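Numbering (our numbering), first residue to last: 1 to 287.
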């Protein structure tokens, strides 16, 4: 016996109701939490992004609302879940040899003028999954005047740092890597890793990844000749940017270079840095 259309609940409607909806007051709460704990300013148009990135976690844990999920944040025993949520909301796109003019500057101006009698240290301050740090490692291996060099990569995401340490990437990521570097520093996978490549061990041994939240007290990292802080400040407000510069600048040696994204600027901020090229600054003082 058939039922009338009025008494039948469409299957698509049932499925649509299985995912919690991020309410406006919940979005305001997570915006405030992310700002306080990561310095990130979420625009009002990011509500769908937040929902899309956290939806799987809610369904995995069986929560019917975002409020239930957010109540876990910062509670003892849920530290990893809290970090995972921050990771999901702060991880951004990256790739090898991104913004190549910066690497051309290192190749043609920085490395030729390098002091060969001193170890070289470069900091990728928002290293994400490691592509920037390994790009710097390839350049240092190729052009540095000293074999005593190291690259430090830091990121707020513990999950993405594990990926960086693994140094395993899909073959599609080779697109921007120069062919000589690809042949010299990358290993093509076999069998189940056929569609992947691995950064070779000699290069990986020179790159170290550490967890660091740039808006909180930083670990003892030492001093650096070059600091890359690209595509980070665009997510911060003016006050947070100023605090970030004051926190990071002391790690840069006098005469060292501070490199930001081409879409960013240090205009209007108090600092001891002088622009030498667009998005490339040098710390004032004797080396």
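Where is the CB? At the ideal position from N, CA and C, for every residue including glycine.
Remember, predicted model here, so these are calculated numbers, not experimental data.
Could you give the DSSP three-state label for residue i: helix, strand or coil?
| i | result |
| --- | --- |
| residue 96 | coil |
| residue 161 | helix |
| residue 15 | Legend: pLDDT at residue 15 = 42, less than 50; position of this residue unreliable, no value from coordinates given. |
| residue 275 | strand |
| residue 50 | helix |
| residue 238 | helix |
| residue 20 | coil |
| residue 206 | coil |
| residue 178 | coil |
| residue 90 | helix |
| residue 34 | helix |
| residue 145 | coil |
| residue 230 | coil |
| residue 75 | coil |
| residue 217 | coil |
| residue 254 | strand |
With a CB to CB cut of under 6 Å and the five nearest residues on each side skipped, what residues in its chain are close to residue i?
| i | result |
| --- | --- |
| residue 27 | 47 |
| residue 201 | none |
| residue 285 | 254 |
| residue 72 | 78, 81 |
| residue 185 | 138, 200, 203 |
Mind checking residue i: buried by the 16 CB within 10 Å criterion, or exposed?
| i | result |
| --- | --- |
| residue 155 | buried |
| residue 183 | exposed |
| residue 230 | buried |
| residue 50 | buried |
| residue 193 | exposed |
| residue 130 | buried |
| residue 61 | exposed |
| residue 276 | exposed |
| residue 31 | buried |
| residue 220 | exposed |
| residue 232 | buried |
| residue 256 | buried |
| residue 267 | exposed |
| residue 39 | buried |
| residue 132 | buried |
| residue 238 | exposed |
| residue 265 | exposed |
Might you give, ordered along the chain, the residues of its own chain that have their beta carbon closer than 8 Å to the beta carbon of residue i, omitting 5 neighbours on each side?
| i | result |
| --- | --- |
| residue 100 | 176 |
| residue 144 | 111, 114, 120 |
| residue 74 | 82 |
| residue 97 | 103, 135, 176, 177, 178 |
| residue 206 | 137, 140, 141, 149, 150, 151 |
| residue 253 | 223, 224, 225, 283, 287 |
| residue 12 | Low confidence applies here, because residue 12 scores a pLDDT of 45, under 50, leaving its location unreliable; read the following figure in that light. Excluding positions up to five away in sequence, the list is empty. |
| residue 116 | 145, 146 |
When you compare each of the options to residue i by their alpha carbons, which one comes out closest?
| i | options | result |
| --- | --- | --- |
| residue 169 | 256, 241, 249, 94 | 94 |
| residue 198 | 210, 212, 211, 181 | 181 |
| residue 58 | 24, 20, 29, 33 | 20 |
Leaving aside the five residues before and after residue i along the sequence, list all residues of the same chain whose C-beta is less than 7 Å from its C-beta, in chain order.
| i | result |
| --- | --- |
| residue 262 | 99, 278, 279 |
| residue 67 | 26 |
| residue 269 | 241, 242, 245 |
inquiry  = Can you confirm whether the region 150–165 touches the region 81–88 when touching is taken to mean that 3 or more C-beta pairs between the two stretches lie within less than 8 Å?
reply    = yes
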